[in-house]
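Going letter by letter, the sequence shown gives residues 20 to 334 in the working numbering. Backbone N, C-alpha and C fix where the C-beta goes; we use that ideal spot for every residue, glycine too. Fair warning: this is a prediction, and the values are worked out from it, not measured in the lab. Below is one structure, written out as structure tokens, with a few remarks after it.
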Amino acid sequence: MKRLQYRRRGGPEVLEWAEVDGPKPGPNEIVVDVKAASINPTDIKMRTGELGVANMFGEPFPKGMGLDFAGIVREIGQGVSAVAPGDAVTGLSASRYRGFADLVLIKADKVRRIPDSVTFAEASTLPMGAATAAKVASKYLTPRPDQADYHVAVLGAGGGIGLYTVQFAREAGALVTAVAGGLAADALRSFDLDRVLDYRTETLAASGTRFDTIIDLSDRYTYQDVEAALSRNGCFRTMTPTMRHLRTLATERRAKAAFALADISGLDKAIAAISKKRLITNVGATFPMENAIDVLRDFEEGRLKVVGKVVLTRP
Numbered sequence: 020m021k022r023l024q025y026r027r028r029g030g031p032e033v034l035e036w037a038e039v040d041g042p043k044p045g046p047n048e049i050v051v052d053v054k055a056a057s058i059n060p061t062d063i064k065m066r067t068g069e070l071g072v073a074n075m076f077g078e079p080f081p082k083g084m085g086l087d088f089a090g091i092v093r094e095i096g097q098g099v100s101a102v103a104p105g106d107a108v109t110g111l112s113a114s115r116y117r118g119f120a121d122l123v124l125i126k127a128d129k130v131r132r133i134p135d136s137v138t139f140a141e142a143s144t145l146p147m148g149a150a151t152a153a154k155v156a157s158k159y160l161t162p163r164p165d166q167a168d169y170h171v172a173v174l175g176a177g178g179g180i181g182l183y184t185v186q187f188a189r190e191a192g193a194l195v196t197a198v199a200g201g202l203a204a205d206a207l208r209s210f211d212l213d214r215v216l217d218y219r220t221e222t223l224a225a226s227g228t229r230f231d232t233i234i235d236l237s238d239r240y241t242y243q244d245v246e247a248a249l250s251r252n253g254c255f256r257t258m259t260p261t262m263r264h265l266r267t268l269a270t271e272r273r274a275k276a277a278f279a280l281a282d283i284s285g286l287d288k289a290i291a292a293i294s295k296k297r298l299i300t301n302v303g304a305t306f307p308m309e310n311a312i313d314v315l316r317d318f319e320e321g322r323l324k325v326v327g328k329v330v331l332t333r334p
């Protein structure tokens, strides 16, 4: 089988296609014939070493790429009963057999069947983006039963997680303001949200609304940038706490870090929502898997001007 891999940390220049032995499923494992895999910023940060989590999976170099994938079950191991060969599934791969490849090896309980109405490309955007968004909305953007007119703002709403987060927050009963720029802001206006702001020309403070929760998915903002737009008991949360946030997070009661990792329960919520047509998928562009190195280079260098997830596909 072919897989995209790298033998050392670095940029796109360290990527190579390689012929490797195909995986054999052990107990409770399955092998999936990959049909689509979406690109996440996390994939790139793991390769460059920006995320410490990149070293937690334990596999030696060379390492594969591609967390999100969708495809057809090819082979099952002993003890697997939830899926069968021929089933269309999607999941989040943490093994050395990752999604930018012909085949993925994964525990059977880490995948879910894809509804007939969902394409492989659409399904490949769910495990990281939609599953994380479901957790974000559930933990931070859902009003209590006694809360009326619960106003939330999602900064970075045009990204792979943001496009799903605003939908889950709206579904949970929040009044949602999405903040994005350019093409993303235009796309979000079709999502039936309370308000969409283009960050290039509009600010939260000038909107006239005071928000109960402002969550930043973009790593673009600090508490000081949005303080004036918070309600008296409102809270600013950042999904990407960095050194520039630490002092404020330690001293300001209305500034907190947000933590929401994609997991199988989030994927279940995403698939349930999409099955009921309550969730719009966010495929921005598709490219052949064989062009992955060039596509990743363009993605990392900002040359791909698309709204939504970039997906690599195989026939």
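Counted as a single uninterrupted DSSP element, the beta strand (DSSP E) harbouring S57 occupies residues E48 to S57. Remark: C-beta atoms of V123 and V39 do not approach each other more closely than 8 Å. R256 is classed as buried because its beta carbon has at least 16 other beta carbons within 10 Å across all chains shown. In the structure shown, E94 adopts extended strand secondary structure according to DSSP, grouped into three states. Between T232 and V171, the CB-CB gap stays under 8 Å. No Cβ-Cβ contact shorter than 8 Å links V185 with L216.
Collapsing the DSSP output to three states places A274 in a strand. Excluding sequence positions up to five before and after V130, its CB lies within less than 6 Å of the CB of V108 and G110, all in the same chain and listed in chain order. Sixteen is the threshold: since fewer than 16 other Cβ atoms of the shown chains lie within 10 Å of the Cβ of E35, the residue is exposed. Sequence-distant Cβ neighbours of T261 in its own chain, meaning closer than 8 Å and more than five residues away, are D238. DSSP, reduced to helix, strand and coil, places D40 outside both helices and strands of the structure shown, so it counts as coil. The criterion of a C-beta distance shorter than 8 Å is not satisfied by V326 and A140.
The C-beta distance from G30 to T67 rounds to 7 Å, short enough to meet the 8 Å contact threshold. Less than 8 Å divides the Cβ of L323 from the Cβ of A304. Counted as a single uninterrupted DSSP element, the beta strand (DSSP E) harbouring L249 occupies residues L249 to T257.
Per the coordinates, the alpha-carbon of L207 lies some 22 Å from the alpha-carbon of P162. Under the three-state reduction of DSSP output, D106 falls in the coil class, being neither helix nor strand.
Counting along the chain, the unbroken beta strand (DSSP E) around A304 starts and ends at V302 to P307. For A197, the enclosing beta strand (DSSP E) stretches over residues L194 to A199. Rounded to whole angstroms, the separation of the alpha carbons of A150 and E309 is 27 Å.
In this structure, L182 lies near A176, with their beta-carbon atoms less than 8 Å apart. K296 and G178 have their C-alpha atoms spaced approximately 21 Å apart. Taking each of I58, Y218 and I63 in turn and checking the Cα distance to R28, the smallest one comes out for I63.
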